[in-house]
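2 protein chains.
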Amino acid sequence: MGLGSDGTVGANKQAIMIIGNQTDQKVQAYFDYDSKKSGGITMSHLRFGKSSIKSTYLVEHADYVACHNQSYVNKYDIVSDLKPGGIFVLNCVWSDEELETHLPAKYKKVIAEKNIQFYTINAVQIAEEIGLGNRINMVMQGAFFKLINILPEEEFVKALKDAATYSYNKKGDKVVQMNHDAIDKGVRRIHKVEVPPEWKNAKETEEENEVKEPDFIKDIMRPMEQQKGHKLPVSAFKGREDGTFPSGSTAYEKRGIAVNVPEWIEENCIQCNQCSYICPHAVIRPFLLNDSELEKAPKSFETIKAAGKGVEGLHFRIQISPMDCTGCGNCADICPAKDKALVMNPIATQVEEQVENWKFASCDVGYKTDLALGKSFKDSQFKEPLMEFSGACAGCGETPYIKLITQLFGERMMIANATGCSSIWGASAPSTAYTTNKEGKGPAWANSLFEDNAEFGFGMYLASKQMRKNIEENILKLVEKTIEPHVKELLVDWVNYKEDGEVSKAASEKLMTELENYKSADSEVMYLIDQIKQRSDYLVKRSHWIIGGDGWAYDIGYGGVDQVMASGEDINILVFDTEVYSNTGGQASKSTPTAAVAKFASSGKKAGKKDLGRMMMTYGNVYVAQVGIHADNNQLIKAVREAENYKGPSIIIAYAPCISHGIREGMGRSMETIKKAVKAGYWHLYRYNPDLKKEGKNPFILDSKEPTESFRDFIMGQVRYSSLARTFPDVAEELFNKAEENAKERYETYKTLASL
Amino acid sequence: MGLGSDGTVGANKQAIMIIGNQTDQKVQAYFDYDSKKSGGITMSHLRFGKSSIKSTYLVEHADYVACHNQSYVNKYDIVSDLKPGGIFVLNCVWSDEELETHLPAKYKKVIAEKNIQFYTINAVQIAEEIGLGNRINMVMQGAFFKLINILPEEEFVKALKDAATYSYNKKGDKVVQMNHDAIDKGVRRIHKVEVPPEWKNAKETEEENEVKEPDFIKDIMRPMEQQKGHKLPVSAFKGREDGTFPSGSTAYEKRGIAVNVPEWIEENCIQCNQCSYICPHAVIRPFLLNDSELEKAPKSFETIKAAGKGVEGLHFRIQISPMDCTGCGNCADICPAKDKALVMNPIATQVEEQVENWKFASCDVGYKTDLALGKSFKDSQFKEPLMEFSGACAGCGETPYIKLITQLFGERMMIANATGCSSIWGASAPSTAYTTNKEGKGPAWANSLFEDNAEFGFGMYLASKQMRKNIEENILKLVEKTIEPHVKELLVDWVNYKEDGEVSKAASEKLMTELENYKSADSEVMYLIDQIKQRSDYLVKRSHWIIGGDGWAYDIGYGGVDQVMASGEDINILVFDTEVYSNTGGQASKSTPTAAVAKFASSGKKAGKKDLGRMMMTYGNVYVAQVGIHADNNQLIKAVREAENYKGPSIIIAYAPCISHGIREGMGRSMETIKKAVKAGYWHLYRYNPDLKKEGKNPFILDSKEPTESFRDFIMGQVRYSSLARTFPDVAEELFNKAEENAKERYETYKTLASL
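Note that the protein sequences, when read in sequence, are chains R and B.
Under the numbering used here, think of the first position of the first sequence as 26, with each following residue one higher.
Under the numbering used here, think of the first position of the second sequence as 26, with each following residue one higher.
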């Protein structure tokens with residue numbers, strides 16, 4: 026088994042490795058690490074036993090510590106838990122001289138005082154040389170066994186390679202060979218640092234960083250980030266007894282996990298904003314500056330003249346937040362400019378400038394909310410995303426969808442989130458990716474169980490509906506009283522427009538301004554105004570969303586999805602369709618298509634993919650859409666707007682590539698994969714809008730064109746399919762054909778629906 | 026609130042009645058009774074309090090006991106729990122003289138010894154005079170208040186009438202007036218019996234009835250029936266620790282709850298067998314006799330010459346079991362003969378003869394299993410129903426469907442039953458309506474939770490599949506050994522036909538006969554044969570059914586229904602669609618159509634009826650049918666056979682009229698209502714058979730013709746709709762129109778599907 030080495034949610038694994046089997050005694054090394062916050066730190070005791078050692082424990086006197094990410098030395102206290110004389114391995118690009126500059130004083134002190142054996146290795150470079158991209162796990166394992174010296178080199182290298190062959194056999198010979206190379210190079214390229222004795226006297230030369238941070242960040246999030254949450258006293262949570270955590274805290278993480286980040290080449294940019302639209306992590310955004318803002322910009326903050334309607338006279342810049350970027354590379358991959366306007370370059374070469382530029386853009390410039398922007402996907406990107414910097418896997422196919430929705434409706438959204446990937450990247454305690462705008466408005470978010478999320482979100486909706494009904498009753502009473510005519514007009518306006526998201530916002534603001542200081546001798550009038558003020562939070566129409574993955578929507582939570590859609594109420598569902606239970610390790614769901622390999626379907630799924638959308642269409646009054654970001658950006662934004670605007674239930678099913686698919690080109694092409702899925706007739710885009718029926722039109726619009734690319738090529742680009750040909754060659758061909766037939770049959774059905 | 030007075034499941038209610046409110050003291054009478062086994066017995070203490078008395082308790086020293094059903098005096102010990110000097114009221118047709126004959130000696134003795142005040146009343150006659158049919162509850166309440174004498178007559182009559190007005194207002198003025206009349210007549214027509222002092226010495230003149238009954242009936246069922254189950258020691262259940270109860274026990278109940286039962290007029294009979302087909306209680310059946318059987322028939326056992334293919338030379342008789350009949354009258358209602366061949370007549374006039382005839386027909390004649398019968402619904406009725414005499418409401422619309430299925434596949438059926446009406450009438454401890462044929466074969470039945478029944482049944486299926494796979498493996502091994510050629514042939518036959526219900530039965534029987542005494546010197550051969558023999562119960566292909574109501578299938582259990590249908594496995598679902606949660610008191614389900622009044626939809630349901638069938642069709646490989654017994658008898662039996670025969674998942678949605686619909690013509694016309702539902706375009710019949718696709722045909726067959734009768738008239742014939750016009754006249758018209766539109770739209774959708 027391999028070790029995960031990235032800092033993302035997906036790598037939450039623990040590994041036990043059998044490396045030898047002599048005289049009936051299994052020699053095992055046990056690795057204990059948490060991948061979410063300290064992903065890429067290996068801490069180990071060496072334990073030996075005749076049978077597998079399965080218990081986990083908190084390592085506080087480690088024999089061996091490896092730090093797989095150099096930026097962690099500035100965030101975590103890693104070396105304190107080493108035994109005197111223990112081994113510390115740091116994966117970094119630093120030479121011994123550079124170490125002097127970059128290694129914090131407290132590290133130097135501990136290393137020297139405890140007489141730690143200190144090694145460095147440039148595993149990232151090695152992995153890139155071999156072709157493993159950023160997968161450094163086998164390199165680090167090679168180094169590990171070299172250093173712990175419990176078996177002769179020849180022996181452990183053979184054992185490790187055998188294990189790698191076993192693990193990666195399904196992925197092909199090339200992958201196996203790359204892993205073998207990684208082991209060899211890990212063994213060879215480890216470098217011992219001669220620890221200068223004066224490190225014992227090392228002192229922090231920098232000033233103590235006196236950052237102004239909110240209490241929650243300082244008192245709760247930082248200790249938890251440093252793996253010291255268990256030391257927090259109960260009293261630290263005073264005032265948070267209801268379990269509510271503040272939003273927007275991922276912005277404080279600055280995980281810095283990217284190796285390469287995009288660099289903007291302004292002269293190539295065509296200002297299409299697609300990079301921002303598809304960025305899974307909301308780390309790349311277009312900013313618009315006026316002249317006076319531009320004057321205050323940092324030196325390297327280049328801009329170009331903004332082009333397009335509504336942005337005349339402004340300056341345009343694509344700005345990235347390097348410390349929040351995961352380096353997935355999708356932005357550069359999909360950049361449609363003739364000469365790429367985004368190029369992936371090592372973070373080290375640009376981080377300082379871009380951190381400063383990001384701070385300037387996001388804090389000092391911000392988002393121009395008063396522009397007369399259109400409804401295009403391009404214009405949507407000038408709005409602030411209210412979901413950012415989540416812990417989702419690099420290149421996650423889920424996050425861009427909800428990010429877009431928060432840009433459109435975030436400040437009045439309520440979200441019920443089913444347990445699953447989206448609840449994990451949405452809010453992993455202590456940090457929350459949903460955030461607020463400058464006015465402090467953003468999505469209210471809560472996570473419920475896997476099985477009851479739709480009902481949970483329906484409860485939110487009903488409560489909100491009830492509150493607004495109460496407001497309306499009081500307003501109608503107030504209108505009957507003697508009040509000033511212009512206030513009466515505002516009251517009537519509110520009632521008329523209360524179900525329109527944008528208009529109700531304006532109407533509510535005007536009304537509240539008047540009511541705030543309204544005086545009347547009539548005590549009943551004042552009582553009613555007071556009642557309305559108490560519920561002022563509910564004046565603006567809320568945008569209710571129930572979200573989750575396919576495991577939830579197609580399977581375990583489907584009963585609730587169906588119940589809520591059947592209610593006829595004005596509520597929206599968004600399904601992140603990864604076609605598999607992603608968060609729990611890749612079990613087949615009813616969304617998994619024929620031939621895909623998944624847990625419980627290891628010989629390829631036999632049954633076809635459930636057509637959730639068509640099931641929901643049978644209600645006749647449910648808005649249904651299937652979408653694919655990047656496949657058709659305009660279709661997506663149209664669907665989202667129509668769904669939200671529809672005065673009834675709506676469901677959007679969004680194709681979401683996932684690490685569990687094993688995309689051969691890597692998750693840096695996850696967005697391009699969506700486009701390919703549509704072109705190959707694998708995924709179909711459509712909208713079913715019941716409002717069209719009232720106009721005498723066919724409610725079903727097929728947005729997918731006839732497939733132009735090969736279905737088989739598409740599925741063979743993903744390990745979830747291609748592995749079947751190796752593991753079950755006898756059934757693979759038949760299942761691949763069936764998968765293609767099913768997809769075609771589905772497209773034909775949609776064509777029929779579109780032609781009725 | 027009213028008292029239920031029938032002996033059926035539907036009346037499982039408890040009533041608290043507020044009859045006066047003087048000097049701030051509410052005067053209340055509390056009634057405590059169990060309706061399933063002693064339905065129609067009122068036992069009461071009188072309790073008074075300032076607020077509602079809500080606790081229930083077991084009455085053992087009653088002030089007042091009323092027996093609403095005269096036949097109970099032969100079954101239950103009702104008077105023993107009366108206080109000395111208490112009141113006993115018996116609803117009966119008996120005069121004082123007849124009482125001498127009919128009242129059991131033990132009753133007479135207790136009444137005389139305890140100095141009981143004994144009254145009779147002919148409430149059935151009164152209710153019929155008024156037009157209340159068999160609804161005697163208000164009559165009995167009038168009598169109750171008259172006798173307990175806690176309020177002046179004028180006062181309690183007014184209070185009772187006010188209560189009746191409140192309760193029945195929704196059902197119209199006529200219903201209110203009938204209930205007022207019932208109260209008046211209950212007060213006036215009560216008759217005091219002068220108890221002869223010699224009753225103290227009354228002795229049982231009849232011989233002690235030494236009936237031979239199975240242990241379970243004698244030791245467990247009889248005590249429980251007599252409300253003495255709580256006195257059974259734990260040891261009574263020795264040998265039944267796993268909770269399995271024997272089937273076929275309802276046949277021992279002989280509840281005798283009917284007032285009128287059908288009388289067969291042989292000269293009018295056209296031998297269509299429709300009466301048997303639709304009988305909800307399996308109490309009316311056609312029997313075929315040969316000459317020698319006829320010779321032994323009782324005197325009144327008239328027959329006619331059997332007509333039709335396959336029954337040549339036999340004698341035909343329609344025989345009813347009067348003691349099991351509920352008297353619903355559907356058989357006589359739907360009899361299509363020019364002059365009715367069935368007429369409802371008082372049970373008293375025919376009970377003795379027909380009990381004898383039934384015993385002869387069902388025990389001595391039985392069912393001719395070797396006839397070469399066809400596949401028509403008529404011929405299906407010569408097969409033995411393996412679900413009989415359930416505790417379902419008289420005229421229940423659910424029972425005929427499953428009864429038919431047991432006639433076709435009962436001896437190899439396994440049933441998983443969702444909690445709900447069908448689990449209650451299917452098996453209310455201690456009695457089970459599912460039964461076995463002479464060979465001891467019948468449905469294996471178990472009830473699971475509301476929410477997991479589909480999964481539960483799927484588990485049964487998987488277990489059975491696994492067992493049969495094991496048999497197959499052993500047979501294939503056996504075939505490779507040296508065995509006698511004719512046995513080898515039988516083994517191969519079994520493998521070839523194992524998935525065919527009827528053929529696998531024959532193949533299994535032949536094979537087992539050979540294997541039973543097979544001898545071989547080869548120990549491996551003997552081992553394999555032994556393994557097969559151990560699993561011989563699984564040789565015949567099982568017919569797996571998962572059944573339940575719409576509350577289960579459309580709502581709470583829908584997630585599981587969907588999951589099982591998506592599996593692609595060979596399993597069948599039957600939905601009893603009453604369009605409402607029947608068993609729990611009439612809550613709206615997603616099957617409830619627009620405008621229907623139900624709990625949680627008291628102002629008429631706004632949303633439309635969910636199209637469960639169309640949802641399941643989206644899978645493409647699920648057999649789906651909507652059926653309506655009596656609306657199209659051939660379509661039903663075709664659908665059932667096709668579904669069972671289909672080598673994949675199937676679902677049948679069956680329209681089931683229910684007491685909760687408030688059919689104005691009464692439940693005696695429940696079957697005719699199904700026919701009307703189809704003619705009015707309210708319910709649509711169709712079959713979606715995926716097998717037809719393989720033949721290049723359209724899999725969807727619309728079996729319903731264009732509606733020819735008025736939709737509005739149809740719904741107005743049911744209180745669930747008509748009451749809306751009175752309670753919410755402002756919305757009723759709109760909702761009625763919407764209901765009609767929805768039904769039309771649905772029919773149009775089906776027409777489109779049929780034309781593709």
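Heads up, the beta-carbon is just placed ideally off N, CA and C, and yes, glycines get one too.
Can you list, in chain order, the stretches of the alpha helix (DSSP H) that have 4 or more residues and sit fully within the stretch 278-320 of chain B?
Whole alpha helix (DSSP H) segments, 4+ residues: 299-303, 316-320.
Here's the rule I'm using: 16 or more other beta-carbon atoms within 10 Å means buried, otherwise exposed. How should residue 229 (chain B) be labelled?
Around the Cβ of residue 229 (chain B), a 10 Å sphere holds fewer than 16 other Cβ atoms; the residue is exposed.
How is the alpha helix (DSSP H) around residue 495 (chain B) delimited, first residue to last?
Annotation: the continuous alpha helix (DSSP H) that includes residue 495 (chain B) extends over 478-505.
Compare the Cα-Cα distances from residue 121 (chain B) to each of B:240, B:219, B:191, B:627 and report the closest residue.
Minimum Cα distance to residue 121 (chain B) is reached at B:219.
Relative to chain R, which residues along the stretch 637-653 of chain B have a C-beta separation below 8 Å, given in chain order?
The residues in question are 639, 640, 643, 644, 645, 646.
Which one or two residues does DSSP pair with residue 438 (chain B) in a beta bridge?
BP columns for residue 438 (chain B) point to B:568.
Chain-ordered chain R contacts of residue 587 (chain B) [CB-CB under 7 Å]:
Ordered by position in chain R, the residues that pass the 7 Å Cβ test against residue 587 (chain B) are 583.
Let me know if residue 162 (chain R) comes out buried or exposed under the rule of 16 or more other beta-carbons within 10 Å of its beta-carbon.
Buried, since its Cβ has 16 or more Cβ neighbours within 10 Å.
Please report the distance separating the alpha-carbon of residue 278 (chain B) from that of residue 395 (chain B).
Distance between the alpha carbons of residue 278 (chain B) and residue 395 (chain B) is about 30 Å.
For a contact meaning CB atoms closer than 8 Å, what does residue 633 (chain R) contact in chain B?
Those within 8 Å of residue 633 (chain R) in chain B are 644, 645, 646.
Same chain only: Cβ atoms within 6 Å of residue 624 (chain R), ignoring 5 sequence neighbours per side:
611, 612.
By Cβ distance, which residues of its chain are closer than 6 Å to residue 642 (chain R), with the 5 residues on each side in sequence left out?
Annotation for residue 642 (chain R): 649, 713 place their beta carbon closer than 6 Å to its own, counting only its chain and skipping 5 residues before and after.
Going along chain R in order, which residues have a C-beta closer than 8 Å to the C-beta of residue 615 (chain B)?
Taking the beta carbon of residue 615 (chain B) as reference, the chain R residues within 8 Å of it are 587, 588, 591, listed in sequence order.
My understanding is that residue 104 (chain R) touches residue 136 (chain R), with C-beta atoms under 8 Å, so please give their C-beta distance in whole angstroms.
Yes, they are in contact, since the Cβ atoms of residue 104 (chain R) and residue 136 (chain R) sit about 6 Å apart, within 8 Å.
Report the rounded CA-to-CA distance for residue 226 (chain B) versus residue 253 (chain B), giving the unit in angstroms.
Near 26 Å, if we compare the C-alpha coordinates of residue 253 (chain B) and residue 226 (chain B).
For residue 116 (chain B), which residues of its own chain have a beta-carbon under 6 Å away from its beta-carbon, when the five flanking residues on both sides are left out?
The residues are 93, 146, 148.
With a cut-off of 8 Å, do at least 3 Cβ pairs link the stretch 595-603 of chain B to the stretch 669-687 of chain B?
Cβ pair count under 8 Å is three or more, so yes.
Assigned exposure category for residue 50 (chain R) - 16 Cβ within 10 Å defines buried:
Because the pLDDT of residue 50 (chain R) is 36, which lies under 50, any placement of that residue in the model is unreliable, and the question is left without a value.
Classify residue 222 (chain R) as helix, strand or coil using the three-state DSSP reduction.
Correct three-state label for residue 222 (chain R): helix.
Since residue 807 (chain B) meets chain R, which of its residues come closer than 9 Å, beta carbon to beta carbon?
Because residue 807 (chain B) is not part of the residues shown, which for chain B are 26 to 781, the question remains open.
Which class does residue 781 (chain R) belong to by DSSP, given the choice of helix, strand or coil?
Three-state result, residue 781 (chain R): coil.
Against chain B, with Cβ distances strictly below 8 Å, would residue 777 (chain R) count as a contact?
Residue-level contact check: residue 777 (chain R) touches chain B, since one or more beta carbons of chain B fall below 8 Å from its beta carbon.
Looking at the secondary structure, which residues open and close the alpha helix (DSSP H) in which residue 109 (chain B) lies?
Per DSSP, residue 109 (chain B) lies in no alpha helix (DSSP H) segment; the continuous beta strand (DSSP E) that holds it begins and ends at 107-116.
Can you tell me the Cα-Cα spacing of residue 255 (chain B) and residue 249 (chain B), whole angstroms?
Answer to the nearest angstrom: the Cα atoms are 8 Å apart.
Could you tell me if residue 95 (chain R) is buried or exposed, where buried requires 16 or more neighbouring beta carbons within 10 angstroms of its beta carbon?
So residue 95 (chain R) counts as buried.
In this structure, how does DSSP classify residue 711 (chain B) when only helix, strand and coil are distinguished?
Residue 711 (chain B): strand per DSSP, three-state reduction.
Looking at the secondary structure, which residues open and close the beta strand (DSSP E) in which residue 145 (chain B) lies?
Per DSSP, residue 145 (chain B) belongs to the beta strand (DSSP E) from 142-146.
Only counting the same chain, and skipping five residues up and downstream in sequence, which positions put a Cβ closer than 7 Å to that of residue 380 (chain R)?
Here residue 380 (chain R) has 347, 348 as same chain residues with Cβ atoms under 7 Å from its own Cβ, once five neighbours each way along the sequence are excluded.
Can you name the start and end residues of the alpha helix (DSSP H) that residue 531 (chain B) belongs to?
Following the DSSP letters along the chain, one finds residue 531 (chain B) inside the alpha helix (DSSP H) bounded by residues 526-541.
With distance defined between alpha-carbon atoms, name the residue in B:694, B:168, B:89 nearest to residue 16 (chain B).
Because chain B spans 26 through 781 in this model, residue 16 (chain B) falls outside it and cannot be assessed.
Only counting the same chain, and skipping five residues up and downstream in sequence, which positions put a Cβ closer than 7 Å to that of residue 134 (chain B)?
If we look at residue 134 (chain B) and ignore the five residues flanking it on each side, its Cβ neighbours are 224, 225, 227.
Would residue 566 (chain R) and residue 518 (chain R) qualify as a contact pair, given that the criterion is a beta-carbon distance under 8 Å?
Against a cut-off of 8 Å, the Cβ pair of residue 518 (chain R) and residue 566 (chain R) comes out as no contact.
Answer with yes or no whether the minimum CB distance from residue 17 (chain B) to chain R is below 8 Å.
In this structure chain B extends from 26 to 781, so residue 17 (chain B) is not present and cannot be described.
Taking Cβ-Cβ distances below 8 Å as the criterion, which residues of the stretch 555-580 of chain B are in contact with chain R?
Cβ contacts with chain R: 580.
Short check: CB of residue 481 (chain R) to CB of residue 444 (chain R), under 8 Å?
Between residue 481 (chain R) and residue 444 (chain R), the C-beta gap is not smaller than 8 Å, which leaves the two residues out of contact.
Give me the Cα-Cα distance between residue 403 (chain B) and residue 430 (chain B), rounded to the nearest whole angstrom.
Rounded to whole angstroms, residue 403 (chain B) to residue 430 (chain B) spans 14 Å at the Cα level.
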